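In my numbering, the protein residues as written are 1 to 111.
Even glycine gets a Cβ: it sits at the ideal position worked out from N, Cα and C.
From a predicted model like this one, the values you see are computed outputs, not experimental measurements.
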């Protein structure tokens with residue numbers, strides 16, 4: 001039901017400016033490429049700009065896909081997000097690509 005979906009996007013309190021970093025990586029050097037991760041990111045960026053009730057201005061969306069989605073470009077985008085954001089602004093960080101698992105045994109004594 002669309003009312004349920006929109007309820008998830010309705011803010012509890014008013015927000016200021018919404019900014020987003022949207023990353024999609026399909027092309028990998030040493031592991032299997034993906035088919036649609038970069039396209040998912042592009043579609044999500046378009047959704048934010050055109051289809052939400054709180055449309056995000058294009059200049060407030062940083063879209064990084066494939067070769068553009070480097071650690072350096074992500075760090076630059078994060079610095080932009082932090083420096084531009086004010087109290088009550090909304091920040092969205094979206095990633096589509098391979099994931100990884102970090103295993104840690106937190107139950108061990110370190111004494």
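Exposure label - residue i; buried when at least 16 CB within 10 Å
| i | result |
| --- | --- |
| residue 1 | The predicted model places residue 1 with a pLDDT of 48, which falls under 50 and marks its position as unreliable; any figure quoted below should be read in that light. Exposed is the call here. |
| residue 62 | buried |
| residue 40 | buried |
Extent of the continuous beta strand (DSSP E) to which residue i belongs
| i | result |
| --- | --- |
| residue 31 | It is not in any beta strand (DSSP E) - residue 31 carries neither H nor E in the DSSP assignment. |
| residue 48 | No beta strand (DSSP E) contains residue 48, which DSSP labels as neither H nor E. |
Residue i - partner residues in DSSP beta bridges
| i | result |
| --- | --- |
| residue 94 | 22 |
| residue 65 | 24 |
Limits of the alpha helix (DSSP H) - the one that residue i falls within
| i | result |
| --- | --- |
| residue 77 | 71-84 |
Within 8 Å, strictly: CB atoms of residue i and residue j
| i | j | result |
| --- | --- | --- |
| residue 20 | residue 56 | yes |
| residue 94 | residue 15 | no |
| residue 64 | residue 23 | yes |
| residue 25 | residue 99 | no |
| residue 60 | residue 17 | yes |
Review point. Are three or more beta carbon pairs between the region 71-86 and the region 39-57 nearer than 8 Å?
Key: no
Practice item. Count the CB pairs spanning the region 74-82 and the region 31-38 that are closer than 8 Å, and state whether there are at least three. Key: no
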